[in-house]
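The structure under discussion appears below in the form of structure tokens.
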DNA sequence: TATGAATGAGTGTTCATTCAT
DNA sequence: CATGAATGAACACTCATTCAT
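Residue numbers (the UniProt record's numbering), protein chains in the order written: chain R, 1 to 227; chain S, 1 to 227; chain Y, 1 to 227; chain A, 1 to 227.
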């Protein structure tokens, strides 16, 4: 059995080596520029061996991207669990997401690339796990009554991930490192405007009392006809 | 002179034909998949002729993308000018942007592709004109006192374009046509939360006076029995 | 008539401009690398105009090479005529030839190139005029009794031009500027060995005195019997 | 081990086939005219395979030329070793060289072509081995006292190879097969004029008679002791 | 004569993938 | 499972030459 285990371990190790070599290669120049021959050499396996683990170059590419998103998801879960307040969780998640996008921008671009070039929609699937972390935060906020139940989760995602993606991309395009704190602040203001509509000014008292007072006066007024 | 004009017109026509053929070709499968030979054939010119107008395939590609953004910019300016209220301008621009992204999504992807694959930063430049339309709306809103002057334009762009881009992309990824109205609504809520912070509760005088008026009303109303 | 002359002059000027531009272009990178478009631009004519003067690129190339050899021939005739002694004429011609080969090595290579690549043997024809200068020197030397009549002119050419060509080429290959004087000296020694067999031993003095001395020794020796 | 050997043999065979096919192709029309596709087909390998053995077309070309010079060198060494007298070695080498140039003139032209077109100086390197055979003959002649030590080897090479190259080229240009014996004779006369200065004026008669006279006088002298 | 825009044939090289060993 | 030599399809770009003006 130890032999079987050893064999399995060897396989796992080899797969890991391939994945790492491939990640490095794809990061350097994208799907097209990476050479299977170089990946094989870096992983210290023969070219043919790559095809024992992955059907083709694209499959290897997808595996790399998938693994990346899995890493991200785990990291996101970790930082989210460190907080209890949904609002803080949201803010923490935003910071984490922005940092990761900025740090591994190449891999995010690869995801876009995959979505663009690929016939498969695997990219969407990959992000799914990550998006669920976000959805979880929203859900918890709702069940705790901190967030309004009326906001559509899909739209919230658009706001959240769209803004962060775009902010990261334009920052990178301008060569800036990050102005993370400010964008996070702005994003939170925007998010909370949707998640907690008029939450703080909603002291319903004034309105209700006004309604009631007017209603009563109207009743009186009817009793005393004008004139 | 009519001869000169004719020549120029011929050149312009030929360039237009090339550009159209190229747009079609690039839209079909991106930069890589498009074949110069096919573009030439579709434009009814010889392959060599393409190179009289554009240095190489990539230059032709960039020209296609640039023209697309120019079209967009013009369209955006038009819809914005049709409104006078900055808030409505913003909303109109959002709708227009979303529609165009959804409609020409391939060309948006090509822009991303360009940003990803290209060594040139042309992509950013192309968008610039379009972004300026947005900036113009914000600026007008500020100068009219409708928007707060404190919001950073860059961050606003991130919110605006990021959300729209992402919404379009994810809608397309899910195969949906569009849920435009709802995302626009959400986006506007978010934007205004940043652009008009506590706009309605602002000027506490109103609230206080309202409070006082209600109190007096209540006092009066209580003097007259409910029945 | 002055108008006709003007026209002719214009044509001649244009042809000259083309030839000069072409020479420069071919010198830079040979037949293949030169671009008709660049030649046209340098000559300040349209591309099509080149073809009014020369059937095609190769014909232009040949014209350039031919003109070069004509220049050389004229120069050779000049230096040869400056001397009267055939031996000195030979030496002068050798120096001149070597200098020109070294100086315009590119054009010599082009001649070789023409011989190699071209289907026409034009190259040989071009050199003909130059070779005739050499033949003339030899002929004069013979008729003056300075050179032996028995040497085959063709073989002499092989010796003369072959050595000079090769010397120049190998010097250039080694990046040396020239060791001209020594090669000229050696070549002359070799040439004269063929053209003036036993030429230098013709200092009869030494031989005669030696002959006389031996004769006297023999006379003495004979007086004393061998045994 | 026999398997390994088999593999190596296969590789060697394949390389040989490529080299032969390439030689044939390059001989037909030079570097430019030869088509990699045709070479591959002739060698019965795929086009890509050519690039497993040679970096590119030019490298293949150089390999062909290099092999040619290696062949020549071996042949030259053989004929030289068949003689012992340096003068005869020189003459034999001249004949061999002339024959080979005439026979494989295309490959010689290719060498020139390489020198002309190539950025690399490989051509010179290739000839080096061959030239050394010549240098060896000269050196031996010197150490045996047959050749004068004063002649510069470089100049001798110019004379030897230059004359032979040129003779072959002009003979080929004139369509003649060869007038080898006469040119060899002339060349040897010229070479020896440089290598054995005053060789022929050594009219052995005088020397011999001097020797004899002195010998006889010595004999007489012994009979008549001094005093 | 002169122009110069248009032509379009022609080819070296790469690299993902396979398969005999 | 592993190897790595062999495959071969695929394609942008150049540039001498032409011809309508």
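Positions of the beta carbon are idealized from the N, C-alpha and C atoms, including for glycine.
- Item | Own chain partners of residue 23 of chain Y with C-beta closer than 6 angstroms, once the 5 adjacent residues on each side are dropped | Numbered from 1 along the third chain, position 23 holds the residue referred to as residue 23 of chain Y. Once the five neighbours on either side are set aside, the close Cβ partners of residue 23 of chain Y are 64.
- Query: Do residue 192 of chain Y and residue 106 of chain Y come within 8 angstroms of each other at the CB atom, strictly closer than that value?
  - Reply: As a first step, residue 106 of chain Y must be located in the third chain, where it is residue number 106. As a first step, residue 192 of chain Y must be located in the third chain, where it is residue number 192. No, the pair does not count as a contact, with Cβ atoms beyond the cut-off.
- Thinking C-beta only, is residue 148 of chain A closer than 8 angstroms to residue 126 of chain A? As a working note, residue 126 of chain A is residue 126 in the fourth chain. As a working note, residue 148 of chain A is residue 148 in the fourth chain. Not in contact: residue 126 of chain A and residue 148 of chain A (Cβ atoms no closer than 8 angstroms).
- For residue 141 of chain S, go through chain R and note every residue whose CB falls closer than 8 angstroms to its CB, in chain order. Within the second chain, residue 141 of chain S is the residue found at index 141, counting from 1. Correct list: empty, because the minimum Cβ distance to chain R is about 16 angstroms.
- Item | Residues within the UniProt domain "HTH tetR-type" (12-72) of chain A neighbouring chain Y, beta-carbon criterion of under 8 angstroms | 30, 32
- Could you give the distance in angstroms between the alpha-carbon of residue 214 of chain S and the alpha-carbon of residue 139 of chain S? On the second chain, position 214 is the one that residue 214 of chain S refers to. On the second chain, position 139 is the one that residue 139 of chain S refers to. Near 39 angstroms, if we compare the C-alpha coordinates of residue 139 of chain S and residue 214 of chain S.
- Query: Name the chain R residues that come within less than 8 angstroms of residue 85 of chain S, Cβ to Cβ?
  - Reply: Taking the first residue of the second chain as 1, we reach residue 85 of chain S at position 85. Those within 8 angstroms of residue 85 of chain S in chain R number zero; the least Cβ separation is about 20 angstroms.
- Message: Could you check if residue 163 of chain Y belongs to the surroundings of the ligand GDP, using beta carbon to heavy atom distance under 7 angstroms?
- Response: Here there are no bound small molecules, and the ligand GDP is not part of this structure.
- Task: Have a look at residue 160 of chain S and residue 181 of chain S and give me their C-alpha separation to the nearest angstrom.
- Result: Numbered from 1 along the second chain, position 160 holds the residue referred to as residue 160 of chain S. Numbered from 1 along the second chain, position 181 holds the residue referred to as residue 181 of chain S. One C-alpha to the other measures close to 15 angstroms.
- Message: Here's the rule I'm using: 16 or more other beta-carbon atoms within 10 Å means buried, otherwise exposed. How should residue 37 of chain S be labelled?
- Response: Residue mapping note: residue 37 of chain S aligns to position 37 of the second chain, counting from 1. With fewer than 16 Cβ atoms within 10 Å of its Cβ, residue 37 of chain S is classed as exposed.
- Task: Quick one: residues in its chain with C-beta nearer than 7 angstroms to the C-beta of residue 153 of chain A, no 5 flanking neighbours on either side, listed in chain order?
- Result: For this step, residue 153 of chain A is matched to residue 153 along the fourth chain. Excluding sequence neighbours, residue 153 of chain A sits near 135, 138.
- Mind checking which residues open and close the alpha helix (DSSP H) that includes residue 170 of chain R? Residue mapping note: residue 170 of chain R aligns to position 170 of the first chain, counting from 1. Segment 153-173, the alpha helix (DSSP H) holding residue 170 of chain R.
- Task: Decide if residue 145 of chain S is buried, meaning its Cβ has at least 16 other Cβ atoms within 10 Å, or exposed.
- Result: As a position in the second chain, residue 145 of chain S is number 145, starting the count at 1. Answer is exposed; the Cβ neighbour count stays below 16.
- Task: Work out the CA separation of residue 78 of chain Y and residue 157 of chain A for me, nearest whole Å.
- Result: As a position in the fourth chain, residue 157 of chain A is number 157, starting the count at 1. As a position in the third chain, residue 78 of chain Y is number 78, starting the count at 1. Approximately 30 angstroms, taken between the alpha carbons.
- Query: With distances taken between CB atoms, is the gap from residue 73 of chain Y to residue 29 of chain Y smaller than 8 angstroms?
  - Reply: Locating residue 73 of chain Y in the third chain gives position 73, counting from the first residue. Locating residue 29 of chain Y in the third chain gives position 29, counting from the first residue. Not closer than 8 angstroms, so no.
- Residues in its own chain within less than 8 angstroms of residue 184 of chain S by CB, not counting five upstream and five downstream? Taking the first residue of the second chain as position 1, residue 184 of chain S is located at position 184. Hits under 8 angstroms: 91, 94, 95, 98.
- Measure the C-alpha to C-alpha separation of residue 167 of chain A and residue 162 of chain Y and round it to an integer number of angstroms. Along the fourth chain, one-based indexing puts residue 167 of chain A at 167. Along the third chain, one-based indexing puts residue 162 of chain Y at 162. Using only the alpha carbons, I get a separation of about 7 angstroms.
- Task: Step through the CB atoms of chain R and report whether any lies within less than 8 angstroms of the CB of residue 96 of chain S.
- Result: In the second chain, counting from the first residue as 1, residue 96 of chain S sits at position 96. Chain R, which has no Cβ nearer than 8 angstroms to the Cβ of residue 96 of chain S, makes this no.
- Query: Quick one: what's got a C-beta closer than 7 angstroms to residue 151 of chain Y's C-beta in the same chain, skipping five residues either side?
  - Reply: By 1-based counting over the third chain, the position of residue 151 of chain Y is 151. Here the set comprises 194, 195.
- Cα separation between residue 170 of chain S and residue 70 of chain S? The residue labelled residue 170 of chain S in the question sits at position 170 within the second chain. The residue labelled residue 70 of chain S in the question sits at position 70 within the second chain. Cα to Cα, the separation comes out at about 25 angstroms.
- Please decide whether residue 121 of chain A counts as near chain Y, where near means a Cβ-Cβ distance under 8 angstroms. Against the fourth chain, residue 121 of chain A aligns to sequence position 121. Caution is warranted here: a pLDDT of 43 is assigned to residue 121 of chain A, below 50, making its placement in the model unreliable, and the coordinate value is therefore given only provisionally. Yes, residue 121 of chain A lies at the interface with chain Y (some Cβ there is under 8 angstroms from its Cβ).
- Please report the Cβ distance between residue 220 of chain Y and residue 217 of chain A, rounded to the nearest whole angstrom; I am assuming they are in contact, meaning their Cβ atoms lie under 8 angstroms. Counting from 1 along the third chain, the entry for residue 220 of chain Y is found at position 220. Counting from 1 along the fourth chain, the entry for residue 217 of chain A is found at position 217. That pair is a contact at about 7 angstroms.
- Message: Using only CA atoms, which one of Y:101, Y:55, Y:61 lies nearest to residue 75 of chain Y?
- Response: Your numbering for residue 75 of chain Y matches position 75 in the third chain. Among Y:101, Y:55, Y:61, the Cα nearest to that of residue 75 of chain Y is on Y:101.
- Roughly how many whole angstroms lie between the Cα atoms of residue 25 of chain A and residue 12 of chain A? Within the fourth chain, numbered from 1, the residue matching residue 25 of chain A stands at position 25. Within the fourth chain, numbered from 1, the residue matching residue 12 of chain A stands at position 12. Each residue's alpha carbon lies about 20 angstroms from the other.
- Message: Please state the DSSP three-state secondary structure of residue 142 of chain S.
- Response: Residue mapping note: residue 142 of chain S aligns to position 142 of the second chain, counting from 1. Looking at residue 142 of chain S - three-state DSSP - the assignment turns out to be helix.
- Query: Taking the alpha-carbon positions, what's the residue 14 of chain S to residue 60 of chain S distance?
  - Reply: On the second chain, residue 14 of chain S is found 14 positions in, with the first residue counted as 1. On the second chain, residue 60 of chain S is found 60 positions in, with the first residue counted as 1. Cα to Cα, the separation comes out at about 14 angstroms.
- Message: Rounded to whole angstroms, what is the Cα-Cα separation between residue 143 of chain R and residue 109 of chain R?
- Response: Residue mapping note: residue 143 of chain R aligns to position 143 of the first chain, counting from 1. Residue mapping note: residue 109 of chain R aligns to position 109 of the first chain, counting from 1. Taking the straight line from one Cα to the other gives about 35 angstroms.
- Message: Assuming contact is defined by CB atoms lying nearer than 8 angstroms, are residue 186 of chain R and residue 52 of chain S in contact in what I supplied?
- Response: To locate residue 186 of chain R, count along the first chain from 1; it is residue 186. To locate residue 52 of chain S, count along the second chain from 1; it is residue 52. No, the pair does not count as a contact, with Cβ atoms beyond the cut-off.
- Query: Expressed to the nearest angstrom, what Euclidean distance is found between the alpha-carbon atoms of residue 50 of chain A and residue 103 of chain S?
  - Reply: As a working note, residue 50 of chain A is residue 50 in the fourth chain. As a working note, residue 103 of chain S is residue 103 in the second chain. Taking the straight line from one Cα to the other gives about 48 angstroms.
- Item | Between the CA atoms of residue 173 of chain Y and residue 83 of chain A - distance to the nearest angstrom | Position 83 of the fourth chain, counted from the start, is the residue given in the question as residue 83 of chain A. Position 173 of the third chain, counted from the start, is the residue given in the question as residue 173 of chain Y. Distance between the alpha carbons of residue 83 of chain A and residue 173 of chain Y: 32 angstroms.
- Does DSSP put residue 45 of chain A in a helix, a strand or coil? Counting from one through the fourth chain, the residue named residue 45 of chain A turns up at place 45. Looking at residue 45 of chain A - three-state DSSP - the assignment turns out to be coil, as it is neither helix nor strand.
- Task: Tell whether a beta-carbon distance below 8 angstroms holds between residue 43 of chain Y and residue 66 of chain Y.
- Result: Here the question's residue 43 of chain Y lines up with position 43 in the third chain. Here the question's residue 66 of chain Y lines up with position 66 in the third chain. Not in contact: residue 43 of chain Y and residue 66 of chain Y (Cβ atoms no closer than 8 angstroms).
- Where residue 84 of chain A sits in the DSSP three-state scheme: In the fourth chain, residue 84 of chain A corresponds to position 84, counting from 1. Note: residue 84 of chain A maps to coil in three-state DSSP.
- Query: Hey, is residue 147 of chain R's beta-carbon within less than 8 angstroms of any beta-carbon in chain S?
  - Reply: For the purposes of this step, residue 147 of chain R is taken as the residue at position 147 of the first chain. Chain S, which has no Cβ nearer than 8 angstroms to the Cβ of residue 147 of chain R, makes this no.
- Message: Can you check whether the C-beta of residue 134 of chain A is within less than 8 angstroms of a C-beta belonging to chain Y?
- Response: Translated into the one-based positions of the fourth chain, residue 134 of chain A becomes position 134. For residue 134 of chain A, the answer is no, since every Cβ of chain Y falls outside 8 angstroms of its Cβ.
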